[in-house]
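Going by the numbering used here, the first residue of the sequence shown is number 6, and it counts up by one from there. Don't be surprised by glycine CBs; every beta carbon is placed ideally from N, CA and C. For clarity, every value in this text was computed on a predicted model and none was experimentally measured. For reference, the structure discussed in these notes is given below.
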Amino acid sequence: MLLNFFKIYLPIILFGLLLFYVTSKFIEPAPKKELTIAAGSKNGTYFKIAQKYKKLLEKENVTVHILETKGSLHNTQLLQEKKADIGFVQSGILNESNNKNIQSLASIYYEPLWIFYKNEGYQINYIIELIGKKIAIGSTGSGTFDLSTKILNDNGINSSNSEFLTYNSSKAKEALTNGDIDVLLTVISPDSNIVQELLEDPKINVLSIQRAQAYSRKYAYLNTLNLYEGTMDLYRNIPNNNMNLLAATANLVTTPGVPHELIRLLLKKVKEVHKHKSLFAQEN
């Protein structure tokens, strides 16, 4: 009886084990539901937005790690080194030397270049007038640093005729309000506390960029925006005049190898986070 059992079922069992072994070699395991996002400084807009993505994705059982970084240039480096799956990168950062294997996912909002300066009783009309001043140009590795140096160099302003300080936006704001520096350049969302507090400070002026169209012609990734009088606060009339701004865009990028299912899920949550119109949503 036992002999008959083995004669009949042993070949079936062995065949089943062999089939399992063979198929296990060819069937790929289910991808891990895990993402690492290269963001920015913990006090910055990129980091705060990444936290919103994280909160929504973790409801879908996706583990999300957020990396504190120096900014767009640093994020690009982390993506190239495969230390991050997703990154925030300011338009104009990627070029032929650093865009290998980096794919764009979405442009999510405008990031104006803000040029704040000490109110010393006179108005500055052109960027070239900043020559000779103490200027915070953003931390090394940030998108602010990249764009600031380009725009200043276009106007003949460099470290030999002016003092450049590589402060992040928070440190630069503190230095400007304390009178320790003359000028602050930052590429940041108009919703940030830094922008709103500086616009409200009577000791600080903001430069309306003349020749904005000329800059946007030279740098195709820049947009010209209008910030109209009273837009930020009608009651207090902030700003108190119409302004011309240059703006980059904040972009989400990735690298090959991130599972398509995770990318689709991420973009769904991105759409949810940014569903409300931003200040410049209808520009251009």
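Does the beta-carbon distance from residue i to residue j come in below 7 Å?
| i | j | result |
| --- | --- | --- |
| Ile-91 | Ile-42 | yes |
| Ala-255 | Asn-228 | no |
| Leu-118 | Val-192 | yes |
| Phe-121 | Ala-44 | no |
| Ser-109 | Val-258 | yes |
| Ser-77 | Gly-161 | no |
| Tyr-226 | Ser-96 | yes |
| Lys-83 | Ile-107 | At residue 83 the sequence reads Leu, which differs from the Lys that was named. It is not a contact, given that the beta carbons lie outside the stated cut-off. |
| Glu-73 | Lys-47 | yes |
| Asn-124 | Ile-214 | no |
| Ile-129 | Leu-212 | yes |
| Leu-203 | Met-237 | no |
Can you list, in chain order, the residues of its chain with a C-beta nearer than 6 Å to that of residue i? Leave out the 5 residues immediately preceding and following it.
| i | result |
| --- | --- |
| Ala-217 | Thr-229, Asn-249, Leu-251 |
| Thr-171 | Ser-144, Thr-145 |
| Lys-178 | Ile-199 |
Tell me whether residue i sits in a helix, a strand or coil according to DSSP, three-state version.
| i | result |
| --- | --- |
| Ser-112 | strand |
| Gly-92 | strand |
| Ala-180 | helix |
| Tyr-172 | coil |
| Tyr-122 | strand |
| Glu-101 | coil |
| Leu-284 | coil |
| Glu-63 | helix |
| Ala-44 | coil |
| Lys-139 | strand |
| His-79 | helix |
| Thr-74 | coil |
| Lys-276 | helix |
| Thr-145 | coil |
| Glu-86 | coil |
Apart from the five residues just before and just after residue i, which ones in its own chain have a Cβ nearer than 7 Å to its Cβ?
| i | result |
| --- | --- |
| Phe-150 | Ile-142, Gly-143, Ser-144, Thr-171 |
| Ser-153 | Ile-142, Gly-143, Leu-190 |
| Lys-138 | Ser-167, Asp-187, Val-188 |
| Ala-180 | Ala-141, Tyr-172, Ile-186 |
| Tyr-224 | Gly-97 |
| Thr-68 | Lys-38, Glu-39 |
| Phe-169 | Ile-140, Ile-142 |
Less than 8 Å between the CB atoms is what I'm expecting for residue i and residue j, so what's the real figure, rounded?
| i | j | result |
| --- | --- | --- |
| Val-263 | Tyr-58 | So it is not a contact: roughly 14 Å between Cβ atoms. |
| Asp-185 | Ile-140 | Not really, about 12 Å apart at Cβ, beyond 8 Å. |
| Ser-197 | Thr-50 | 6 Å |
| Ile-54 | Val-278 | 7 Å |
| Thr-182 | Asp-206 | 6 Å |
| Asn-231 | Asn-246 | Wrong, their Cβ atoms sit about 11 Å apart, outside the cutoff. |
| Ser-194 | Tyr-127 | Not quite, the Cβ-Cβ distance comes to about 29 Å (not below 8 Å), so this is no contact. |
| Asn-80 | Ala-89 | 7 Å |
Excluding the 5 residues flanking residue i on each side, which residues of the same chain have their C-beta closer than 8 Å to its C-beta?
| i | result |
| --- | --- |
| His-70 | Glu-39, Leu-40, Thr-41, Ile-42 |
| Lys-273 | none |
| message | Report the start-end ranges of each beta strand (DSSP E) in the segment 191-273 that is 3 residues or longer and not cut off at the edges. | response | The segment 191-273 contains these whole beta strand (DSSP E) runs: 209-211, 228-232, 248-259.
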